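Here is the structure we will look at, set down as structure tokens.
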Amino acid sequence: MLSAKSYPILCHFPSSFPSLPKPQTPKPHSLSLSHIPALSSHSRLTRTLVPRKVLGIKPVTFPLWKRGLLQVCCDSVEREDFEASLQEEEKILGDRSGDGGGSGIDWTTSVPLFGLWAGLMYYVFQLAPDQTPYRDLYFLQKLLNLRGDDGFVMNEVLVALWYIMGLWPVVYGMLLIPTGRSSRRKIPLWPFLSVSFFAGAYALIPYFIIWKPPPPAVGEDEISRWPLNLLESKITAVITVAAGLGLIIYAGFANGEVWKEFYQYFRESKFIHIMSLDFLLFTTFSPFWVYNDMTARRWINKGFWLLPLTLIPFVGPALYLLLRPSLSALPMFLSSTTTEKD
Numbered sequence: 001m002l003s004a005k006s007y008p009i010l011c012h013f014p015s016s017f018p019s020l021p022k023p024q025t026p027k028p029h030s031l032s033l034s035h036i037p038a039l040s041s042h043s044r045l046t047r048t049l050v051p052r053k054v055l056g057i058k059p060v061t062f063p064l065w066k067r068g069l070l071q072v073c074c075d076s077v078e079r080e081d082f083e084a085s086l087q088e089e090e091k092i093l094g095d096r097s098g099d100g101g102g103s104g105i106d107w108t109t110s111v112p113l114f115g116l117w118a119g120l121m122y123y124v125f126q127l128a129p130d131q132t133p134y135r136d137l138y139f140l141q142k143l144l145n146l147r148g149d150d151g152f153v154m155n156e157v158l159v160a161l162w163y164i165m166g167l168w169p170v171v172y173g174m175l176l177i178p179t180g181r182s183s184r185r186k187i188p189l190w191p192f193l194s195v196s197f198f199a200g201a202y203a204l205i206p207y208f209i210i211w212k213p214p215p216p217a218v219g220e221d222e223i224s225r226w227p228l229n230l231l232e233s234k235i236t237a238v239i240t241v242a243a244g245l246g247l248i249i250y251a252g253f254a255n256g257e258v259w260k261e262f263y264q265y266f267r268e269s270k271f272i273h274i275m276s277l278d279f280l281l282f283t284t285f286s287p288f289w290v291y292n293d294m295t296a297r298r299w300i301n302k303g304f305w306l307l308p309l310t311l312i313p314f315v316g317p318a319l320y321l322l323l324r325p326s327l328s329a330l331p332m333f334l335s336s337t338t339t340e341k342d
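Below, the structure written as structure tokens:
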């Protein structure tokens, strides 16, 4: 709604004008207040809108419809400036990716990550302990509920680790979609994320190698569709945090003999050894992706205190997912087509 106030633009001039005659100040007339009719709200508004003369010069004023036009123009200019600033930030992020915004690879991070992944693959297939392959198969069948109750009690720490490894890909899915998507649209995220439910972080590291910011824009219709409506839901975050805390508490209350048994499994079993390293990899990469998501959501100033908590395995990143702002409240993620429709 347009304001009813008038703001005249006064032109200030020097006190003396040699070429102009000094304006004559009219003598005030004595008026009786009893003869002045009461002013209505409309007449008061009209009188306040009448411009006064200053030094004999009438100031420039704008009618209401013109001021409304100026307000609309100002709003559109501010909106264009906001969109231009976002494009400038995306350009800066593209320049910081290591190739000046081009389609090349950021060798400063990609090469070390590739070396790490190659070393891990060599260790998993060649150097990891593999003394109990038949017992590994038996443990896997028990954890998948493919064997009935045969009287054998599974290690509590192993059971907790198994189920929490199924929650890690959910956490990474909520961190990577959409703020962790690559600007290269030909490289989708979902194949790597889907395989991570079976191969863990070993399947996500290749995506980290080829990942390039900034993420593509997100439309309002995409936020309300699957999978964003599920990954952005606070209900999903609450369930993830509660399940993770329950599993950690379950393993934490195990006695010392159970932990010694698990350590023995770690030294002998290839299955448990690789899964334990996978847990460490998920924990190691999670602070970076929390920071990336926090920065993309413009929440770094308010949520900076959460960054040290992300060092806590699983609990820190899951807690961030519960407290972070939703995408629907962040206009910078809306695509340009959606903005034009508004």
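Numbering follows UniProt numbering, with no gaps: position 35 of the sequence shown is 35.
Heads up, the beta-carbon is just placed ideally off N, CA and C, and yes, glycines get one too.
The model shown is predicted, which means the values in this text are computed figures rather than measured ones.
- Of the other Cβ atoms in all chains shown, 16 or more fall within 10 Å of the Cβ of L247; this residue is therefore buried.
- K234 is the residue among V171, I274, K234 and P317 whose C-alpha sits nearest the C-alpha of S328.
- Short of 8 Å from the beta carbon of L230, and not among the five residues preceding or following it, lie these beta carbons of its own chain, in chain order: T236.
- Contact annotation: Y265 and I272 have beta-carbon atoms nearer than 7 Å.
- A straight line joining the alpha-carbon of M154 with that of I164 spans about 16 Å.
- Under the DSSP assignment, I209 falls in the alpha helix (DSSP H) whose first and last residues are A201 to I210.
- In this structure, A251 sits near V157, with a CB-CB distance shorter than 7 Å.
- Three or more pairs of CB atoms, one per stretch, sit closer than 8 Å, so the stretch 206-217 contacts the stretch 177-193.
- CA-to-CA, the gap between S286 and Q131 works out to about 31 Å.
- Setting aside the 5 residues that flank it on each side, P169 is surrounded in the same chain by S196 and F197, each with a C-beta closer than 6 Å to its C-beta; the list follows chain order.
- Residues of the same chain with a CB within less than 7 Å of the CB of L245, apart from the 5 flanking positions on each side, are V315 in chain order.
- One alpha carbon belongs to V258, the other to S110, and they sit about 40 Å apart.
- Annotation: the stretch 207-262 contains the following complete segments of the alpha helix (DSSP H) (minimum length 4 residues), in chain order: 220-223, 228-231 and 234-252.
- Between the alpha carbons of L127 and I210 lies a distance of about 27 Å.
- Short of 7 Å from the beta carbon of I274, and not among the five residues preceding or following it, lie these beta carbons of its own chain, in chain order: V124 and A128.
- Here the alpha carbon of L113 sits roughly 10 Å from the alpha carbon of L120.
- A straight-line Cα-Cα distance of about 18 Å links N255 and W162.
- Collapsing the DSSP output to three states places R181 in coil.
- Sequence-distant partners of E261 (beyond 5 residues in either direction) whose C-beta falls short of 7 Å from its own C-beta, in its chain, are N155.
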